[in-house]
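Numbering follows our numbering, in which position 59 of the sequence shown is assigned residue number 60; successive positions increment by one, without gaps. Take a look at the structure set out below.
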Amino acid sequence: MKIAVVSLGCPKNLVDTELVLGKLKASDVEIVGNFEDADVIMVNTCGFIDAAKEESIDTILEVARYKEQGKKIVVTGCLVQRYKEELEKEIPEVDMFIDLKEELLIPEKLGLQVNKDFDLYKNRVISTPPHTAYLKISEGCDHTCGFCAIPQIRGKHRSRSIQSIVDEAKLLAERGVKELNIVSQDTSFYGVDLYGRPALWELIDRLEKIDGIKWIRLYYLYPTTVDEEFFKRMADSEKVVPYIEMPIQHSEDKILKDMMRGYRKGRIEKILNWKEKYLPGAAIRTAVIVGFPTETEEDFNNLLNFIQEAKFDWLGVFTYSHEEGTPAYEKYTNIIPEDEKIRRKNAVEEVQREITEEKNRQMAGREFEVLIDGFSEEWETLPVGRTYRSAFEIDGITYIETTEPLKVGEFAKVKIKDVVDTVDTVGEAL
2 MKIAVVSLGC
12 PKNLVDTELV
22 LGKLKASDVE
32 IVGNFEDADV
42 IMVNTCGFID
52 AAKEESIDTI
62 LEVARYKEQG
72 KKIVVTGCLV
82 QRYKEELEKE
92 IPEVDMFIDL
102 KEELLIPEKL
112 GLQVNKDFDL
122 YKNRVISTPP
132 HTAYLKISEG
142 CDHTCGFCAI
152 PQIRGKHRSR
162 SIQSIVDEAK
172 LLAERGVKEL
182 NIVSQDTSFY
192 GVDLYGRPAL
202 WELIDRLEKI
212 DGIKWIRLYY
222 LYPTTVDEEF
232 FKRMADSEKV
242 VPYIEMPIQH
252 SEDKILKDMM
262 RGYRKGRIEK
272 ILNWKEKYLP
282 GAAIRTAVIV
292 GFPTETEEDF
302 NNLLNFIQEA
312 KFDWLGVFTY
322 SHEEGTPAYE
332 KYTNIIPEDE
342 KIRRKNAVEE
352 VQREITEEKN
362 RQMAGREFEV
372 LIDGFSEEWE
382 TLPVGRTYRS
392 AFEIDGITYI
402 ETTEPLKVGE
412 FAKVKIKDVV
422 DTVDTVGEAL
């Protein structure tokens with residue numbers, strides 16, 4: 002049997018896809034790169050917000066056309082978890098809609114015999130370059146943010162044991178992984194359900210001892226579960242890169258309260274102060290939502306001013322999505338028009354573009370260690386990589402001018418020369 006796979010959505014979803022692929026491979030399935038060669042096409046969907054749902058539906062419909070060629074279509078992921086019955090009615094071409102609790106049973110549902118020596122994490126198929134991989138440490142979320150459907154899709158927060166995660170990290174290191182990207186729905190809350198206390202740094206202490214791992218990057222930190230001690234530990238760490246990924250969603254107390262975020266602007270300001278005190282060179286990525294039902298023009302302008310003052314290195318902006326089953330969906334009926342939400346989104350992006358370019362210009366003349374990810378699409382012999390300031394496939398890249406060949410997965414010392422297209426930089430290998 003040959004299978005082609007499309008994985009949509011976040012890195013956490015990608016990890017799920019990689020685990021399913023590993024089990025399929027252990028069932029003697031061949032993974033192929035295009036639909037034409039496949040006997041089975043699997044789509045792992047995202048169902049978080051409207052844009053993600055639309056992308057998932059479009060992908061399912063595109064794949065469903067191959068049913069006419071006798072191919073079997075399997076769809077799983079968050080969209081199925083939310084709308085399985087509706088999808089089964091509307092897209093009968095799909096052979097199987099598999100919800101999250103049965104996702105790892107896809108090989109059995111395809112009638113395959115799984116190799117008796119199969120190990121979930123040992124057999125995981127890594128789809129990122131071999132030197133960088135995502136490591137999912139928990140599932141679900143205990144927060145009840147007004148706009149977010151994740152708890153109803155993924156359930157309550159469930160941490161993996163420290164030993165389980167360390168064992169997987171060792172397997173990844175043995176396969177050549179040098180950068181561990183720690184992901185979950187709420188990374189800084191890790192361990193509370195298992196150990197009765199936050200245990201992220203206990204985990205990191207163990208991960209730092211693994212030979213071969215050079216960078217550990219933390220994603221999805223939450224403002225209420227990060228404190229001053231967290232920044233001290235990050236500053237003292239030998240392997241955790243000074244990169245803070247923490248969505249704030251808004252700056253105004255009224256909107257944060259309506260969003261049910263559990264903190265106020267003062268908390269964000271404290272976090273920025275701790276960052277400057279302990280990690281002045283750290284890069285910080287955040288995300289905001291514009292067009293929440295109660296956001297006035299004044300609230301929005303205050304958010305813009307805050308972004309200009311805070312000067313986040315990287316910032317993603319989303320328009321509010323009115324999601325069924327969320328507290329905001331039940332409470333608010335006066336929804337801001339889509340064109341107004343887009344206007345606000347564009348205004349934030351314009352402000353942030355200038356900040357990001359300014360931050361990148363400040364790198365000029367400085368030397369950085371760069372992890373080589375591959376080569377430029379435009380100039381195939383030009384290596385590209387990332388400093389600690391950039392997450393894989395999310396932030397800007399660095400083009401590297403060099404007279405000596407550089408290997409993918411290796412680190413190179415690079416002196417930054419200039420900015421390219423606002424988000425990227427170019428440098429010279431030393």
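Beta carbons are placed, not taken as given, at the ideal position from N, Cα and C, and that holds for glycine. Quantities reported herein were computed from a predicted structural model and do not represent experimental measurements.
Point to revise | Own chain partners of E229 with C-beta closer than 6 Å, once the 5 adjacent residues on each side are dropped | key: W275
Review point. Does P152 get closer than 8 Å to chain C when you measure Cβ to Cβ?
Key: Going by chain labels, chain C is absent from the structure shown, which holds only one protein chain.
Practice item. Could you name the residues of the same chain whose beta carbon sits closer than 7 Å to that of K418, not counting the 5 residues immediately before and after it, in chain order? Key: A365, V427, G428, E429
Review point. Do the segment 55-62 and the segment 332-342 touch if we need at least three Cβ pairs shorter than 8 Å?
Key: no
Practice item. Return the chain-ordered list of same chain residues with a C-beta closer than 7 Å to the C-beta of C142, the five sequence neighbours on each side being excluded. Key: I151, P152, R155, H158, Q186, D187
Check your understanding: Where do the N-terminal and C-terminal ends of the alpha helix (DSSP H) with S8 fall, by residue?
Key -> First-last for S8: 3-8, but that is the beta strand (DSSP E), not the alpha helix (DSSP H).
Review point. From what residue to what residue does the alpha helix (DSSP H) around D38 run?
Key: Here D38 belongs to no alpha helix (DSSP H), and DSSP marks it neither H nor E.
**Study point:** E334, DSSP secondary structure in three states
**Key:** The sequence given here has Thr at residue 334, not Glu. DSSP places T334 in coil when its eight states are reduced to three.
**Study point:** Integer Cβ distance of K73 from V115, believed to fall under 8 Å
**Key:** About 18 Å; that fails the 8 Å criterion.
Practice item. Keeping to the same chain, check which residues put their C-beta closer than 6 Å to that of Y223; ignore five residues upstream and five downstream. Key: D187, S189
Exercise for review: Please state if the CB of E270 and the CB of K215 are separated by a distance shorter than 8 Å.
Suggested key: no
Practice item. Return helix, strand or coil for Q250, following the three-state DSSP convention. Key: strand
Point to revise | One or two residues paired with W216 in a DSSP bridge | key: E180
Point to revise | For V241 and L219, believed in contact at Cβ under 8 Å, the rounded distance | key: 7 Å
Exercise for review: Have a look at F412, L80, I373 and flag the residue whose alpha-carbon is nearest the alpha-carbon of S52.
Suggested key: Correcting the residue type first, residue 52 is Ala in the shown sequence and not Ser. That would be L80, whose Cα lies nearest to the Cα of A52.
Check your understanding: Does the count of Cβ pairs from the segment 374-394 and the segment 337-346 closer than 8 Å reach three?
Key -> no
Point to revise | Cβ neighbour criterion (16 or more within 10 Å) applied to E310 | key: exposed
**Study point:** C-alpha distance - I163 paired with L204, whole-angstrom precision
**Key:** 6 Å
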